[in-house]
Structures are given as structure tokens and as C-alpha cells.
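Novice: Please see the structure below; I have some questions.
Residue numbers (the working numbering): 4 to 939.
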């Protein structure tokens, strides 16, 4: 079954093409599923395996392609314990605690429970700190400290339809310790792959712990460390342990023909207790006193070798007999890895067995330890860079020893760097890591011409890749962050967006939400009214309008009638009196007055008057006409299409379109987000801080004449600036033509202010030679062109070109009118260029020394024949870590004076021995130059 990230069921996966599940003793637990359909990141896949145990996997990344119109997805999943890598521990400490207590503290605040926790194969109690790490790292650290292995268990809830409990066990041995399983390897088994580790078989092992902190005469720590502790005091004076039985088979021939022990050393830099150091060294010797061998085959081939795969599980013990050695090799081995296709048959299952006992974390630690030793021997790298000297073979063998332990094959190529492949170079490797001068890059496929297609690059300024898979993007104080695993996005209240604080935007958004809810409620009410109610409202409005008209006429008629009757009475009286003129005048007045009142009232009965009467001065909603046009007074309208001469809005589909005066579409919103378009320039405000975007963004280099155009975004300040910050593409350069570069410019307030920018992409030289470019530059005065002799600044640059006339190089440098200080590696010339005085960081000077200084003087006499004297050179910045080794030479007019160092290996300096080997006394002042280098 498949579940969303919150545990809600999404149904079964009906069309699974392939499901490769890989489990190993080093903690590997992955599931790669190929299915018709889609699986999304963080969705969970739950199933019962062939042994009836529940399993849960978390989808970490996907690749989807379409075949015959259907989506085919490859989902790369890890055991759901991987979710613990997203829970962070700031500081938790365990004092004299057992493994169970440490595991319980690590899992606090998670939904994982503590299961069976055994005592441990290294120690039963320990002081263990979880500091600035994830919960998953804390669990692994607990397992490594006590010598335990991590095993997960999943239990369903009462419904049986989902996972109810997730449990972590820490056991001394995963799988069955019953070694009744037997595997015999001979030379005739050609279908079984045997890997023998390149590391030497060791029969005597020296163990060293933490370096002893050095103190001054007052007992105060100087910050340095001297010799490392050993366990000789608790091991009969011997700083080593040995296996005399292994000596017979795996010793080395001595000068007298007898067998001598094969020796090596191991470091435990965190161990301070000699007894614990002895135990750790003995355990390490057990894993190195026999060859490290593994065997990989499908279950059919393993069956021919006597091993039945039925019921086999990761970690199960296996008796291994290898008769291909001169003396048959008998090992207590284990099933190290099982790779099975859950959608295939049992015959497709591959099993790896052997006597490798390292955990995944131990492998990484061993690799790091060996690399640290390699770096500490940097004084011999000059011969390696030139491809000469015995160091070359040692270096390649050492890197192969380290990388082959994790499936890698390393090749050092003079002038190019280090290449690490997943297979030997002559066996068509499919993955490559290239380590060069100040950068590394990664490829997982080759181009059509056979070159590696490097798509991921890293150097001192950052990482550049087609895709970066991560969890949390955050500032240092975690005030603003974006959790890409959960989708949570947060800005602090003081953050400003387009001139508005996030807190204000939150309030506005809340108000908009209330408004939206109100409109939705009104829409729902209007939809519920129905056409019958609307017709009834229309009839009611018509009836009221007719009544109003009738009442108005009635009122007008009554008023006119009253006036006419009054005039009539006056006329009657006048007639009775015989006043005919008054009678005529009354008749005329009555007619005029009645006509005037009717005309006045009819003029007052305008559409606006009637509309106000019907709608209570606009408070009630409905339809009305004015100027021959129909108007609508409403909060909610239910309609289909609203259209005009240059605009179109389909309210049913959501499509919105606008055109310019020539009928060319300039705005298109399709309602589904599939094809939205806004053409021309666009800005987020008319004043204050805002964004301004344009497809025709123009740039001009300082001191240059080229016009550079492309799409760009400008981040406009609320106040004046000489140049606003921007991000823009360089598509066309008026001097070299079409290019493809992206520029990041921080802008500046005043024209002569300091400024910085970064460019990355593909461009051309002045003579149209193509080159790739990564350039980051900071200038003291941005208005001064880099080519100007007055220019000052610092730069980080990497340039590569397929044209041999264009230098391919990487450079870190700073400059001013006096010259340049920096480092430049040019692959075309093969030179490494360096400029500047020799300096160093406090307490970490890589090199320390002195120019010629007066070391020996005759004081008016002479330095006698055979005279000897020692002077001490004091380092300008004593080393906090490591120690100095040095060289010295005499500088003077007397050839018989010899000067050399002695007692090197200190942190604060070294002694220089001076001797007059001449046959005559030396009568001139003698000077000395000395140079020391820091080693670990």
C-alpha cells in the first residue's frame, strides 16, 4: 500500500514493473520501485515481506518519464528510519549511561520507540554527548559507541491497514548467530564473484589514543598536543597486540628467513583510557588478521556452493571455506547484503556474504582518517604533481585502498587531478567524481562523444547543480526558513516584502480571507435562491413600481381637483355677482395650475427616483437603467463570459486574456496554471521597495562599450541608488554576439561605493572564442573599470575553453595599483602561479621561517675551527595543533660554516646547530635562513 506523508492511505500500487530492495549489515536499507503511475516525494510504501514482517519505506526522490502516453516513475526510497534525519538535537548528554538510556534520550520527541537493547560488544557504559546532530546520527553514534547494530521493526495498528508502531532495536548481531549455514568456494565456481580487499592482513597492531595536551612550566595548557597515549602500561609494557596463529599464514619474511609479524597501527583520537584503548585495538585486530573477503552471487549459484537461500536474512552467520587459497581459508562470515526484486522471482535475488564487519559510519571514519594522513604528507606532493618519484605509486595505492572499501576506484592523473569511478577505468564505469584544483565535480553518464557529462560542480564559493536535494533552507538564526520536506515556509515579522512588513501582510491576508469567506457565503446564498425566487422578486419590483406610479397620479389628480374646486367656487360666486371677467380668470388659473402640477410630478418621476425608491437608495441590489443602458447593482454575479474590445474573461473556464491595440495577446491566464503569460515589463509597485522585471533588460560593463541584453529582475530600493541590485541573463552582446550567461549584481548606493557581482555561464572572448566562465568579484570603487590601473578589489574566477589559445584556469586573487596577490592554476601551461608574501593564520601557520638573520658573529675575534653552537628559532605564531619540522642553511662569505636544524617537531620553534668545519677560524658574521612547515 501507499500512504501520503501524513499517513492517509492512497491505495495499492497496481502496476509495479520492478521493486529492487537492498538490505545490508552496514545499515543500507533501500527500495527502488519502477511503476506505471506516479509516486511523490515523502509518500510511504508499506508491505509484508517474504518472511511475514512489515516494512515501511519513505520516497526520497523520483524520476518520471512518459512511455506510450503513460507516466513511468522510478521512486528511490529509504527505510522510514530516514525520517529521523529531519529531527535536530541541539545538546543532550549522557553520563555513565548504558546503550538503552542513550537510545531513549536520542528518540525523545519522536514517534519511534525503544525496543530490545543489548549490552554491547565494546563497552557497557559510556559518557556520550549528542551535540548539534540529527536524531538519526545520535542513534548511529550510540550503536557505534557500544558496538551494536541497528535493526528496525514495524507493527500495524489494530485495523491492520497502516503502521501503528515504529521500533528501533540495538543488537550485538543482526540475524541468526547459528552458523549451520555453510558456504564452500572453489576455483570451479565461475558464477560467483569474489572480492578480496586491497588492505594488508595484519598480525600485529599498535593502538594509539588521544594526544596528550602540552602545558608550560606553570602547568597551563599551551593549546598544543604531544605524543599519543598507548596501552603499554596495562599490556605488560607492549604498545601492541598480536595474533601468533595468524602469523603462520599471513606474516612477512624477515631478513633471516623467519616469519615476522605484518604490522600496522590504528588511531582512536577520542579515547583517553588505556584499558579501553586496549580493548578497541584487540577488536580491530580481529577484523584485520584474516583477509577481508566477500562473495556475491544469485541464489542458484550459491546453492551450487552449498548455501540454501531459503529463510536467509541479513546478518545470518555463515561458515565460509575458501579452498582457492594455498592454505584453505576458514572464516566466520555473515550474510552482508541481500538484493531482491519484490516483483520478480527468488532466482533473481543476489546475496553477498563475507567477513566484513564495518558499519557504514565506521567505513566513513576510516576513509576520513586515511585521507587526513594523506593530507598531512603534503610536503611530498610536488613529486606527485610532476608524476615522478616513488610517492606516485604509494598515493594511488592508498587512495585505492580507501575508495575500494566503498566500491570506488581512484586514479591520479598528473596535470588533471584525481578521478574516482564506480568500476575500474577499463570496465566502462557509469559514475565519476573528479577532484581538481580548488573544485570537484560529479557525473553519472557520458556525452555522445564519450566525455563525462559533469552536471554538478562545487568550489569555495558554493555548489552548482541541476538538482539539489535537501531538507531545510534557513538563515543562521532560523528567523526565516523554508522546510522543503514539510512545505512549511516562514518569514520573521520584521521581514520587508515590497515595502511591507510580513506582520502587516499577515494582517492584510487575514482580512482578505474574511472578505473571501463573506463573498463565498453570499455566492452560496445567491445560488440557493434559485430562478423562481428571482422571478418573484422581479414581479414584486414591477408591482411596486406600478403602485408608485398610480399613487403619484392620484396625488397629482387630487391636488389639481382641489384647486379646480376652489376656483370653481370662486367662479360661482363671481357669476352670482355678475363678475364674468373673474369667472374667466378663475377658469384659466385652474387649467394652468392643474397642468403645472401634473407636469412637475411627471418630471420628478425619473429612473433614478424610481430606482432609489425600489432599492432604498441603493442598499437593495438589482437591475436598473440610465441613459438607455442597463446597470447592475450587486455583490455577487453569476455569469459565463465577460468580454470587451481588447479583453476577454471566461468565468466558467477561468481563461483571462488581454490584447494590445494591434490585437496581439499580451496577457493570458488559462485558469489551470498550465500556460500563463504576462508580456512586457512588470513591477510589483509604483513606489517604495519593489521588483521590476523585463524581457529586455540591458547591462553595460564598467569602462566598456558593449550593450548586453537579456531577461532580468531589478530589486529597486525605496530610496535613491546609483545602481539597483539585479539578476539578469546575458543573451546578446553587441560586440561578440549571442552568449548565455547569468549575472548577479548587488548594486550600490553611490556611484563610487564598493560593489560586487557574480557571472556564470558560457560567453566569448573579444575574438569570438567560446569559453565557460565562473566569476565573482568585489571592488573597492565600482565606478573604476577593472582594466584601469587605479582599480582595487578581489576576485574568484574559473575559465574553461575548448580552444587551446584560450587559457583554462582557476584563480583566487586580490589586487590594487601596486600589484596582485593570489593563486592561479593554469592547465594550458601546467603552471601554478602564486604571488604575495608568506603569511599564516594565528596558531596555524602552514609555513613559518625567517629571512637571513645574524645567527653567529665573531665579536671582534673569530669563530674558531671546530667551534659548535646551538641557537633557537621561535615561531612567530606557535601551533595550537600539530608541530613544525624545518630546514636551515648558512648565509655568509665563509664556506666552511654548516647550519642545520635539530630537535624539530615542536610547536613553538626549533633548534639550529652551527659548526665551523673550515680549516681556518671564521672572521666574518654568519647569517641563517630557516623554513618550517606544519604537520599533523
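From the three backbone atoms N, C-alpha and C, an ideal C-beta is built for every residue, glycine too.
Small disclaimer: the values here were computed from a predicted structure and weren't measured.
1) Tell me which same chain residues have a C-beta within less than 7 angstroms of the C-beta of residue 22, skipping the five on either side of it?
2) Whose C-beta lies closer than 8 angstroms to the C-beta of residue 15 among residues of the same chain, with five residues either side of it excluded?
3) Whole alpha helix (DSSP H) runs in the stretch 792-858 with 4 or more residues, listed along the chain?
4) Using a Cβ-Cβ cutoff of less than 8 angstroms, which residues in the same chain neighbour residue 1 once the five nearest sequence positions on both sides are dropped?
5) Under the assumption that residue 269 contacts residue 284 (Cβ atoms under 8 angstroms), give the Cβ distance between them as a whole number of angstroms.
6) Helix, strand or coil for residue 665? Go by DSSP, reduced to three states.
7) Which residue from 430, 271, 184 puts its Cα closest to that of residue 210?
8) Hey, is the stretch 731-751 in contact with the stretch 691-707, meaning 3+ C-beta pairs nearer than 8 angstroms?
9) For residue 759, tell me which candidate among 923, 791, 779 has the shortest Cα-Cα distance.
10) Straight-line CA distance for residue 464 to residue 440?
11) Please classify residue 491 as buried or exposed, where buried requires at least 16 neighbouring CB atoms within 10 angstroms.
12) Are the beta-carbon atoms of residue 437 and residue 422 separated by less than 8 angstroms?
13) Do residue 757 and residue 792 have their CB atoms nearer than 8 angstroms?
14) State the Cα-Cα distance for the pair residue 390 and residue 200, rounded to the nearest angstrom.
15) Name the two residues that bound the continuous beta strand (DSSP E) containing residue 130.
16) Measuring only the C-alpha atoms, how far is residue 873 from residue 917?
17) Go through its chain and collect everything with a Cβ distance to residue 26's Cβ below 6 angstroms, but skip five positions before and after it.
18) For residue 143, name the three-state secondary structure that DSSP assigns.
19) Within this structure, are the beta carbons of residue 288 and residue 195 separated by less than 8 angstroms?
20) Note down, in chain order, each residue of its chain lying with its Cβ closer than 8 angstroms to the Cβ of residue 50, except the 5 sequence neighbours on either side.
21) Which residues in the same chain as residue 174 place their Cβ atom closer than 7 angstroms to its Cβ, once the five residues preceding and following it in sequence are excluded?
22) Taking one C-beta from the stretch 916-931 and one from the stretch 839-847 each time, how about it: are there three or more such pairs within less than 8 angstroms?
23) Using C-beta distances below 8 angstroms, list every residue in its chain close to residue 742, excluding the 5 sequence neighbours before and after it, in chain order.
24) With burial defined as no fewer than 16 other Cβ atoms inside 10 Å of the residue's Cβ, what is the status of residue 902: buried or exposed?
25) Using the three-state DSSP reduction, which class does residue 349 fall into: helix, strand or coil?
26) Under the rule that 16 or more other beta-carbon atoms within 10 Å means buried, what is residue 937, buried or exposed?
27) By the three-class DSSP mapping on this structure, what secondary structure does residue 281 have?
28) Starting from the C-beta of residue 928, find all residues in its chain whose C-beta is less than 8 angstroms away, skip the five residues before and the five after it, and write them out in chain order.
29) Quick check on the DSSP output: the beta strand (DSSP E) that includes residue 653 runs from which residue to which?
30) What does the alpha-carbon distance come out to for the pair residue 43 and residue 676?
31) Assuming residue 909 contacts residue 887 (C-beta within less than 8 angstroms), just tell me the rounded distance between them.
32) With which residues is residue 74 paired in a DSSP beta bridge?
33) Pick out the complete beta strand (DSSP E) segments inside the stretch 45-127, 3 residues or longer, and give them in chain order.
34) Can you tell me the Cα-Cα spacing of residue 387 and residue 105, whole angstroms?
35) Could you check where the alpha helix (DSSP H) with residue 919 kicks off and where it finishes?
36) Buried or exposed: which applies to residue 777, given that a residue is buried once 16 or more other Cβ atoms fall within 10 Å of its Cβ?
Specialist: Let's see:
1) 34, 36, 344, 345, 346
2) 4, 5
3) none
4) Residue 1 falls outside the range modelled here, since the chain spans only 4 to 939, and no answer is possible.
5) 6 angstroms
6) coil
7) 271
8) yes
9) 779
10) 14 angstroms
11) Using a 10 angstroms sphere on the CB of residue 491, the tally of other CB atoms stays under 16, which defines it as exposed.
12) Yes, the Cβ-Cβ distance between residue 437 and residue 422 is below 8 angstroms.
13) no
14) Only weak support exists for where residue 390 lies, its pLDDT of 44 falling under 50; the value from the coordinates is given anyway. Rounded to whole angstroms, residue 390 to residue 200 spans 26 angstroms at the Cα level.
15) 129-137
16) 6 angstroms
17) 32, 317, 341
18) helix
19) no
20) 4, 57, 58, 345
21) Taken in chain order, the residues that qualify are 119, 121, 151, 152, 154.
22) no
23) 733, 734, 735, 736, 764, 765, 766, 767
24) buried
25) helix
26) Classification for residue 937: buried.
27) helix
28) 857, 859, 860, 861, 895
29) 650-653
30) 20 angstroms
31) 6 angstroms
32) 69
33) 47-51, 57-70, 73-82, 91-100, 115-120
34) Here residue 387 scores only 42 on pLDDT, less than 50, and its place in the model should not be relied on; the value that follows carries that caveat. Residue 387 and residue 105: Cα-Cα distance of roughly 46 angstroms.
35) Here residue 919 belongs to no alpha helix (DSSP H); instead the beta strand (DSSP E) covers 912-919.
36) buried
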